[in-house]
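Participant: Could you have a look at this structure, given as structure tokens, before my questions?
Number of protein chains: 2
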Amino acid sequence: MISLEQQKNPNPEDFPSELQGLRMTKQRREVLAVILAERDHPTANDVFSRAQDRMSTISLATVYNCLEALVSHKLVRQVNFERESSRYCPNLSDHCHFQDEESGKIHDVVFKEGVKLEDLLELPQGTEISHLEISLKGNFGK
Amino acid sequence: MISLEQQKNPNPEDFPSELQGLRMTKQRREVLAVILAERDHPTANDVFSRAQDRMSTISLATVYNCLEALVSHKLVRQVNFERESSRYCPNLSDHCHFQDEESGKIHDVVFKEGVKLEDLLELPQGTEISHLEISLKGNFGK
DNA sequence: GCCCAAATTTGGAATTATTCTAATTCGGGT
DNA sequence: ACCCGAATTAGAATAATTCCAAATTTGGGC
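Those protein sequence lines, which keep their order, are chains A and B. Heads up: the first sequence at position 90 corresponds to 107 in our numbering, and the numbers run straight through without jumps. Heads up: the second sequence at position 123 corresponds to 140 in our numbering, and the numbers run straight through without jumps.
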């Protein structure tokens, strides 16, 4: 079983037939492989065109379906910046995203050791957070 | 000069003819008044229909234009949750947003006293953040 | 007060990302 | 090999937002 988080050029064939309870069809495998292959944050369209290289018959609708399935089974993370189109991220560890305004490129940003959300925010007690997204924009100092 | 942050039912007429370098036209005044009137987080469409109550001739395109102008002049904040349509927030103080999954309602969440972003994230040094958005989803404990 | 250029507003068309639909194909289990 | 539900597909539909070009309004100078 490969590590879904580390390997650089995963081979779709290496994926088991089921991951996190999700059946790994040809297309889902391919979509997942595309996302794992690069550490960038491709849009659905990016994924579509990369997937087409090896599977010319795949459709955009399928890419959307696969992404939805992979995201809901927590094999991939969906990343949003304001109203831009969603991007997809293979990094499942706790982190957030920084977009360099010059290049448009997105970088993962990790939390400092031991930081908890409750330490940061005045949350009404009893609040349960099911989803958290932190998005930063800016630029690396001149 | 009224406080843009506190007053409950602002009257568009109370706004000066220019705010933050932005000319206050009739429509911009009205859009701003609509947003200040309630502490909820209306979408562009919500703003449009509320604005129509008092200014029946206003167009949706104008509402979008006005919102854009108000946001870029920092009179109003734009709030995003994943791919949902943008919402607009009159609260200009430093805060983030929590969406109750049951009601869909959005609540402002303030940062704890003295918390700085650098304390939370491993940002490459020299990074300048120009925009930060933190969005939470969840529910208030049962 | 009147005229002009510039800015704003307007309605409708266009765009874009995404979702839906209905038909086809696939793949695992018998 | 056959069946059935799930997955894939192409294309249409949708929804939010932006664009466009024309009409209107504005403020500043005379």
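Think of the CB as a built atom: it goes at the ideal place given N, C-alpha and C, for glycine as much as any other residue.
Excluding five sequence neighbours on each side, which residues of the same chain lie with their C-beta closer than 6 angstroms to the C-beta of A:Glu-150?
Facilitator: Around A:Glu-150: no qualifying Cβ.
Participant: In three-state terms, what does DSSP make of B:Leu-140?
Facilitator: In this structure, B:Leu-140 counts as coil in the three-state DSSP scheme.
Participant: Would you mind listing the beta strand (DSSP E) stretches within the segment 71 to 149 of chain A that are 3+ residues and don't spill past its ends, in chain order?
Facilitator: Counting whole runs of 3 or more residues, the segment 71 to 149 of chain A contains the beta strand (DSSP E) stretches 94 to 96, 104 to 106, 112 to 117 and 123 to 127.
Participant: So what's A:Asp-63 in DSSP terms, helix, strand or just coil?
Facilitator: Residue state, collapsed to three classes: helix.
Participant: Taking A:His-90 and A:Leu-53 to be in contact with their CB atoms under 8 angstroms, please state how far apart those CB atoms are, rounded to whole angstroms.
Facilitator: Contact flag wrong, Cβ pair sits at about 15 angstroms.
Participant: Helix, strand or coil: which one does DSSP assign to A:Arg-56?
Facilitator: It is coil, neither helix nor strand.
Participant: Spell out whether any CB of chain A is found under 8 angstroms from the CB atom of B:Phe-65.
Facilitator: Taking Cβ atoms only, chain A never reaches closer than 8 angstroms to B:Phe-65, which makes this a no.
Participant: Does the count of Cβ pairs from the segment 41 to 48 of chain A and the segment 67 to 87 of chain A closer than 8 angstroms reach three?
Facilitator: Judged by Cβ distances under 8 angstroms, the segment 41 to 48 of chain A makes contact with the segment 67 to 87 of chain A, as three or more pairs qualify.
Participant: Cβ atoms of B:Leu-153 and A:Lys-129: under 8 angstroms apart, would you say?
Facilitator: Going by C-beta atoms, A:Lys-129 is not nearer than 8 angstroms to B:Leu-153.
Participant: If contact is defined by three or more beta carbon pairs under 8 angstroms, each pair taking one atom from either stretch, is the segment 73 to 81 of chain A in contact with the segment 116 to 123 of chain A?
Facilitator: Not touching, per the Cβ criterion.
Participant: Distance cutoff 8 angstroms, beta carbons only. Does A:Gly-143 sit that close to anything in chain B?
Facilitator: It does; some Cβ of chain B falls within 8 angstroms.
Participant: List the residues of chain A that B:Gly-158 touches, going by C-beta distances under 7 angstroms, in chain order.
Facilitator: Result: Gly-143, Thr-144 and Glu-145.
Participant: Straight-line CA distance for A:Glu-145 to B:Met-72?
Facilitator: So the alpha carbons of these two residues sit roughly 41 angstroms apart.
Participant: How big is the Cα-Cα spacing for A:Pro-59 and B:His-112?
Facilitator: Rounded to whole angstroms, A:Pro-59 to B:His-112 spans 29 angstroms at the Cα level.
Participant: Mind checking who B:Lys-154 pairs with in its DSSP beta bridge?
Facilitator: B:Lys-154 is bridged to A:His-148 and B:Gln-116.
Participant: Taking the alpha-carbon positions, what's the B:Pro-141 to A:Phe-157 distance?
Facilitator: In a straight line, the C-alpha of B:Pro-141 is about 8 angstroms away from that of A:Phe-157.
Participant: Given 7 angstroms as the limit, tell me if A:Gln-44 has its C-beta closer than that to any heavy atom belonging to the ligand MG.
Facilitator: You won't find the ligand MG in this model; it holds no ligand whatsoever.
Participant: Counting only beta-carbon atoms, is A:Ile-151 nearer than 8 angstroms to chain B?
Facilitator: Yes - at least one Cβ of chain B is within 8 angstroms of the one on A:Ile-151.
Participant: Who are B:Glu-35's beta bridge partners in DSSP?
Facilitator: DSSP, once it has assigned bridges, lists B:Arg-40 as partnering B:Glu-35.
Participant: Thinking A:Val-5 and A:Leu-84 are a contact (beta carbons under 8 angstroms), I'd like their distance in whole angstroms, please.
Facilitator: Since the first residue of chain A shown is 18 and the last is 159, residue 5 of chain A is not available in this structure.
Participant: What is the rounded straight-line gap between the Cα of B:Ser-147 and the Cα of A:Ile-75?
Facilitator: Their Cα atoms are separated by approximately 39 angstroms.
Participant: Tell me, to the nearest whole angstrom, how far the beta carbon of A:Ser-103 is from that of A:Ala-61; I am working on the premise that it is less than 8 angstroms.
Facilitator: Indeed, because the Cβ distance is near 7 angstroms, the residues count as touching under 8 angstroms.
Participant: State the Cα-Cα distance for the pair B:Gln-94 and B:Pro-107, rounded to the nearest angstrom.
Facilitator: It should be pointed out that residue 94 of chain B corresponds to Arg in this sequence rather than to Gln. Answer to the nearest angstrom: the Cα atoms are 6 angstroms apart.
Participant: Scan the segment 95 to 107 of chain A for residues whose Cβ lies nearer than 9 angstroms to a Cβ of chain B and list them as they occur along the chain.
Facilitator: Here the close residues are Gln-95, Asn-97, Phe-98, Glu-99, Arg-100, Ser-102 and Ser-103.
Participant: What residues of chain A sit near B:Leu-140, judged by a beta carbon separation below 7 angstroms?
Facilitator: Here the neighbours are Val-126.
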